[in-house]
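Participant:
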Amino acid sequence: VYRGSVKDFQGFDANQDAEALYNAMKGFGSDKEAILDLITSRSNKQRVEICQAYKSLYGKDLIADLKYELTGKFERLIVSLMRPPAYSDAKEIKDAISGVGTDEKCLIEILASRTNQEIHDLVAAYKDAYERDLEADIVGDTSGHFKKMLVVLLQGAREEDNVVSEDLVEQDAKDLLEAGELKWGTDEAQFIYILGRRSRQHLRLVFDEYLKIAGKPIERSIRGELSGDFEKLMLAVVKCIRSTAEYFAERLYKAMKGLGTRDNTLIRIMVSRSEIDMLDIREVFRTKYEKSLYNMIKEDTSGEYKKALLKLCGGDDDAAGEFFPEAAQVAYRMWELSAVKVELRGTVQPAGDFNDDGDAQVLRKAMKGLGTDEGAIIEVVTKRSNAQRQQILKAYKAHYGRDLMADLKSELSGSLAKLILGLMLTPAQYDAKQLRKAVEGAGTDESVLIEIMATRNNQEIRAINEAYQEAYHKSLEDDLSSDTSGHFKRILVSLALGNRDEGPENLTQAQEDAKKLADVSSNDSSDSLETRFLSILCTRSYPHLRRVFQEFIKMTNHDVEHAIKKRMSGDVRDAFVAIVRSVKNKPAFFADKLYKSMKGAGTDERTLTRIMISRSEIDLFNIRGEFIDLFDKSLHHMIEKDTSGDYRKALLALCGGED
Numbered sequence: 001v002y003r004g005s006v007k008d009f010q011g012f013d014a015n016q017d018a019e020a021l022y023n024a025m026k027g028f029g030s031d032k033e034a035i036l037d038l039i040t041s042r043s044n045k046q047r048v049e050i051c052q053a054y055k056s057l058y059g060k061d062l063i064a065d066l067k068y069e070l071t072g073k074f075e076r077l078i079v080s081l082m083r084p085p086a087y088s089d090a091k092e093i094k095d096a097i098s099g100v101g102t103d104e105k106c107l108i109e110i111l112a113s114r115t116n117q118e119i120h121d122l123v124a125a126y127k128d129a130y131e132r133d134l135e136a137d138i139v140g141d142t143s144g145h146f147k148k149m150l151v152v153l154l155q156g157a158r159e160e161d162n163v164v165s166e167d168l169v170e171q172d173a174k175d176l177l178e179a180g181e182l183k184w185g186t187d188e189a190q191f192i193y194i195l196g197r198r199s200r201q202h203l204r205l206v207f208d209e210y211l212k213i214a215g216k217p218i219e220r221s222i223r224g225e226l227s228g229d230f231e232k233l234m235l236a237v238v239k240c241i242r243s244t245a246e247y248f249a250e251r252l253y254k255a256m257k258g259l260g261t262r263d264n265t266l267i268r269i270m271v272s273r274s275e276i277d278m279l280d281i282r283e284v285f286r287t288k289y290e291k292s293l294y295n296m297i298k299e300d301t302s303g304e305y306k307k308a309l310l311k312l313c314g315g316d317d318d319a320a321g322e323f324f325p326e327a328a329q330v331a332y333r334m335w336e337l338s339a340v341k342v343e344l345r346g347t348v349q350p351a352g353d354f355n356d357d358g359d360a361q362v363l364r365k366a367m368k369g370l371g372t373d374e375g376a377i378i379e380v381v382t383k384r385s386n387a388q389r390q391q392i393l394k395a396y397k398a399h400y401g402r403d404l405m406a407d408l409k410s411e412l413s414g415s416l417a418k419l420i421l422g423l424m425l426t427p428a429q430y431d432a433k434q435l436r437k438a439v440e441g442a443g444t445d446e447s448v449l450i451e452i453m454a455t456r457n458n459q460e461i462r463a464i465n466e467a468y469q470e471a472y473h474k475s476l477e478d479d480l481s482s483d484t485s486g487h488f489k490r491i492l493v494s495l496a497l498g499n500r501d502e503g504p505e506n507l508t509q510a511q512e513d514a515k516k517l518a519d520v521s522s523n524d525s526s527d528s529l530e531t532r533f534l535s536i537l538c539t540r541s542y543p544h545l546r547r548v549f550q551e552f553i554k555m556t557n558h559d560v561e562h563a564i565k566k567r568m569s570g571d572v573r574d575a576f577v578a579i580v581r582s583v584k585n586k587p588a589f590f591a592d593k594l595y596k597s598m599k600g601a602g603t604d605e606r607t608l609t610r611i612m613i614s615r616s617e618i619d620l621f622n623i624r625g626e627f628i629d630l631f632d633k634s635l636h637h638m639i640e641k642d643t644s645g646d647y648r649k650a651l652l653a654l655c656g657g658e659d
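Residue numbering for the sequence shown follows full-length UniProt numbering, starting at 1 and increasing by one per position.
1) Can you name, in chain order, every residue of its own chain whose Cβ lies under 6 Å from the Cβ of L476, other than the five neighbours on each side?
2) Using 8 Å as the threshold, is the C-beta distance between L195 and M234 below it?
3) Considering only the beta carbon of each residue, do S80 and Y247 sit closer than 8 Å?
4) Considering just the uninterrupted stretch of the alpha helix (DSSP H) at G375, what are its terminal residues?
5) Exposed or buried, what is G27 when buried is set at 16 or more other beta-carbons lying within 10 Å of its beta-carbon?
6) CB-CB under 7 Å to D141, same chain, minus the five flanking residues each way: which ones, in chain order?
7) Could you tell me whether the Cβ atoms of L363 and V380 are closer together than 8 Å?
8) Around the Cβ of P350, are there at least 16 other Cβ atoms within 10 angstroms (buried) or fewer (exposed)?
9) Would you call the CB atoms of L293 and I276 closer than 8 Å?
10) If N458 and N499 are in contact, beta carbons under 8 Å, what's the gap, nearest whole angstrom?
11) Return the CA-CA distance between A360 and E470, expressed in angstroms with no decimal places.
12) Rounded to a whole number of angstroms, what is the C-alpha to C-alpha distance between Q388 and K474?
13) Might you give, ordered along the chain, the residues of its own chain that have their beta carbon closer than 8 Å to the beta carbon of F146, omitting 5 neighbours on each side?
14) What is the DSSP secondary structure of F323, counted as helix, strand or coil?
15) Nearest to L77 by CA position, among I579, T265, K593, A454, is which residue?
16) So, with DSSP's three-state summary, where would you put Y647?
17) Apart from the five residues just before and just after D604, which ones in its own chain have a Cβ nearer than 6 Å to its Cβ?
18) Between L153 and L111, is the Cβ-Cβ spacing less than 8 Å?
19) Of all Cβ atoms in chain B, is any one closer than 8 Å to the Cβ of G358?
20) Looking at the secondary structure, which residues open and close the alpha helix (DSSP H) in which L211 lies?
21) Going along the chain, which residues of its own chain have a beta-carbon closer than 8 Å to the beta-carbon of K409, five neighbours each way excluded?
22) Taking Cβ positions, are residue 686 and D89 nearer each other than 8 Å?
23) According to DSSP, is Y2 helix, strand or coil?
24) Could you spell out the range, first to last residue, of the alpha helix (DSSP H) harbouring C313?
25) Can you give, in chain order, each stretch of the alpha helix (DSSP H) that sits fully within the stretch 573-619 and has at least 4 residues?
26) Leaving out five residues on either side along the sequence, give the residues of the same chain with a beta carbon under 7 Å from the beta carbon of I452.
27) Distance check for H558 and L534, CA to CA, integer angstroms please.
28) Which class does E290 belong to by DSSP, given the choice of helix, strand or coil?
29) Can you tell which of I623, K32, A189, D61 has its C-alpha closest to the C-alpha of L70?
30) Determine the direct distance from the alpha carbon of K565 to that of R573, and round the result to whole angstroms.
31) Can you find the residues in the same chain that come closer than 6 Å, C-beta to C-beta, to R547, ignoring five residues on each side of it along the sequence?
32) By Cβ distance, which residues of its chain are closer than 8 Å to D175, with the 5 residues on each side in sequence left out?
33) In this structure, how does DSSP classify S274 when only helix, strand and coil are distinguished?
34) Would you decide whether K60 is buried or exposed? Buried here means 16 or more other CB atoms lie within 10 Å of its CB.
35) In whole angstroms, give me the CA-to-CA distance for H562 and Y542.
36) Can you grab the Cα-Cα spacing for the pair S485 / L492, in whole Å?
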């Protein structure tokens, strides 16, 4: 099935189009609208014919005339469209290695994403256009393992058969693990050989096997073992093996997000993918970034340049509100990956040679007399486990007859005080306090209720209930019931029971559950859509729900999260989405919340503090890994940039390291 956005123009006449372009550029000024309308609605093969007809009719070079008449980004885009794909790639690479410096990102994008035939055509086009050898030019302009991998990719010799040997899959996964994680240093040659030569189908299975035996995705190992441009190239190769459409969706998003636009990247991708997989890229873009590629281009560009890009894009997926096969495949792959058991690790471990009385003395000294030694307090509190902190509280009381919490409260202030005092509470006490704050006073903080109730396991929920009753002399369920309403209240009350199934998946039941979630035809008010989702999402075990979500995709070609967003609204929608994301990948759920707490102007310190405290002994190490995978920057770096003073120092101690 053709997945490009630009197709052959019906009733095409090369001479007629050549004449129309000549007239658009004749005389004073040029009719840019006519030029972009014509060129963006013809396929590349037809544009080449137009160039030939133009030369035959007028004895002039059409590309040279377009360059003369047009300017800036619009000119670059239109001229790129007129070149055959291989020659367009050749021009991009020539520009990337000419002059001072090298555009490594351009080299990576093109050579990591092209098929064997596209690589062969590129090499031939480069030779024809510049009378130079592409491999020799790249070897002369790059170095080290980066150069070696580029040369391997330039051969266009990736295996193409779809016959996969399970034994070889297991062996390659094992070899990659031994070449990186299990080796002192890294055997880069092994990474180059396997990732540069094996077929796409084979490598996808290798990546799945690697996740099982290493307990982490191959991307994370590459980030830990390799560096610089070589690391970026290998990550690009892995992403393209997994899903070329997803790789380009990410490249397009990064080209437009934030201040400024990377127009060269935007033009190169929109031109090169317009007749290959632009529809797939659009689908993945809409799913991953919750906005259409069309709208992002519309907001980020202007003038004829914008009009031409939107023509190449081919449609607005926000207006259509659809969810497509390529996006479903990406979602399904993510569910499969999430089903692989990964060891959860906190960043705060019990201190060795722990001495509760000694720590109590250090804390007392830090708060005695004039001034407070915040550094000493941070060093003790952030480097002890919660169980050890509880022992310190008792030792402090026994030794000095004083309440350590009260002393800390009087000596510290602001964000640091909230962080340190939160660390001194037990996890259940801390969660109970956050829930109490969310429901007391004017208004309700639904986001806090959702975050805590949707992500805690049965044991944690029961402990929270006990802590809440002890601290506030009323039940959590009563407070939730009195402060919320409707389906949202029912969701929270169901979660507050802490009665979620804890067994394995049941395929037959999962298929029935998926069918219930997919059924939009029921008119029975007692069996509303929200009721059906509640009865499944709030009660089934995590392994079982993962299977339900996979069956839902198979059954509907939709991701369950997309279905929730399309059919529901408000707090009910947000609660169900949080449950789904928690089931899918809890560390990724918290990584996303941490990122949103710090991006843009200002910092949401309440959310930042709450997550850093509550996850520090559970899965903060995993959250760090997901953070860098999702946002291409480390949690440590973002905290360092976005906070200050002793608060920052304490957060970085909890973070536990720079990735």
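No residue lacks a Cβ here, since even glycine has one placed at the ideal position from N, Cα and C.
Model, not experiment: these values are computed from the prediction.
Facilitator: According to the structure data:
1) For this step, residue 476 is matched to residue 476 along the sequence shown. If we look at L476 and ignore the five residues flanking it on each side, its Cβ neighbours are N465, Y468, A496.
2) Within the sequence shown, residue 195 is the residue found at index 195, counting from 1. Within the sequence shown, residue 234 is the residue found at index 234, counting from 1. In contact: L195 and M234 (Cβ atoms closer than 8 Å).
3) Position 80 of the sequence shown, counting from 1, holds the residue named residue 80. Position 247 of the sequence shown, counting from 1, holds the residue named residue 247. Contact: no.
4) In the sequence shown, counting from the first residue as 1, residue 375 sits at position 375. Per DSSP, G375 belongs to the alpha helix (DSSP H) from 374-382.
5) The sequence position of residue 27 within the sequence shown is 27, counting from 1. Its Cβ having fewer than 16 others within 10 Å, G27 is exposed.
6) Locating residue 141 in the sequence shown gives position 141, where the first residue counts as 1. Excluding residues within five positions, the ones whose Cβ falls inside 7 Å are I97, T102.
7) Within the sequence shown, residue 363 is the residue found at index 363, counting from 1. Within the sequence shown, residue 380 is the residue found at index 380, counting from 1. For L363 and V380, yes; Cβs fall inside 8 Å.
8) Position 350 of the sequence shown, counted from the start, is the residue given in the question as residue 350. Looking at its Cβ environment, which holds fewer than 16 other Cβ atoms inside 10 Å, P350 is exposed.
9) Looking up residue 293 in the sequence shown gives position 293. Looking up residue 276 in the sequence shown gives position 276. Not closer than 8 Å, so no.
10) The sequence position of residue 458 within the sequence shown is 458, counting from 1. The sequence position of residue 499 within the sequence shown is 499, counting from 1. Sure, about 7 Å apart at Cβ, within 8 Å.
11) Here residue 360 refers to the residue found at position 360 of the sequence shown. Here residue 470 refers to the residue found at position 470 of the sequence shown. Whole-angstrom Cα-Cα distance: 26 Å.
12) For this step, residue 388 is matched to residue 388 along the sequence shown. For this step, residue 474 is matched to residue 474 along the sequence shown. Their backbone Cα atoms lie some 29 Å apart in a straight line.
13) Here residue 146 is taken as the residue at index 146 of the sequence shown, counted from 1. E104, G228, D229, F230, L233, listed in sequence order.
14) As a position in the sequence shown, residue 323 is number 323, starting the count at 1. Confidence at F323 is low in this model, with a pLDDT of 49, below 50, so its placement is unreliable and the value that follows should be read with caution. Three-state result, F323: coil.
15) If you number the sequence shown from 1, residue 77 lands on position 77. Among I579, T265, K593, A454, the Cα nearest to that of L77 belongs to T265.
16) On the sequence shown, position 647 is the one that residue 647 refers to. It is helical.
17) Here residue 604 corresponds to residue number 604 of the sequence shown, with the count starting at 1. Once the five neighbours on either side are set aside, the close Cβ partners of D604 are S597.
18) If you number the sequence shown from 1, residue 153 lands on position 153. If you number the sequence shown from 1, residue 111 lands on position 111. Going by C-beta atoms, L153 is nearer than 8 Å to L111.
19) Among the chains in the structure shown there is no chain B, since it carries only a single protein chain.
20) Against the sequence shown, residue 211 aligns to sequence position 211. Segment 200-214, the alpha helix (DSSP H) holding L211.
21) Along the sequence shown, read from residue 1 onward, the residue named residue 409 stands at position 409. Result list for K409: A417, L421, in chain order.
22) Because residue 686 is not part of the residues shown, which for the chain are 1 to 659, the question remains open.
23) Walking along the sequence shown from the start, residue 2 turns up at place 2. The answer is coil: DSSP assigns Y2 none of H, G, I, E or B.
24) Start at 1 with the first residue of the sequence shown, and residue 313 comes out as number 313. 303-313 is the extent of the alpha helix (DSSP H) around C313.
25) 605-615
26) Reading the sequence shown from its first residue, position 452 is the one you call residue 452. Around I452: D431, Q434, L435.
27) Working through the sequence shown from its first residue, we reach residue 534 at position 534. Working through the sequence shown from its first residue, we reach residue 558 at position 558. Answer to the nearest angstrom: the Cα atoms are 19 Å apart.
28) The residue you call residue 290 lines up with position 290 of the sequence shown. If DSSP states are grouped into helix, strand and coil, E290 belongs with coil.
29) The residue you call residue 70 lines up with position 70 of the sequence shown. The candidate whose alpha carbon is nearest that of L70 is K32.
30) Start at 1 with the first residue of the sequence shown, and residue 573 comes out as number 573. Start at 1 with the first residue of the sequence shown, and residue 565 comes out as number 565. Those two C-alpha atoms are separated by around 6 Å.
31) Position 547 of the sequence shown, counted from the first residue, corresponds to residue 547. So the list reads E505, A510, once near-sequence residues are dropped.
32) Looking up residue 175 in the sequence shown gives position 175. Closer than 8 Å at Cβ, skipping near neighbours: Q190, I194.
33) Within the sequence shown, the letter at position 274 stands for residue 274. S274: coil per DSSP, three-state reduction.
34) Along the sequence shown, read from residue 1 onward, the residue named residue 60 stands at position 60. Result: exposed.
35) For the purposes of this step, residue 562 is identified with residue 562 of the sequence shown, where counting begins at 1. For the purposes of this step, residue 542 is identified with residue 542 of the sequence shown, where counting begins at 1. Spanning the two alpha carbons is a distance of roughly 19 Å.
36) Working through the sequence shown from its first residue, we reach residue 485 at position 485. Working through the sequence shown from its first residue, we reach residue 492 at position 492. One C-alpha to the other measures close to 10 Å.
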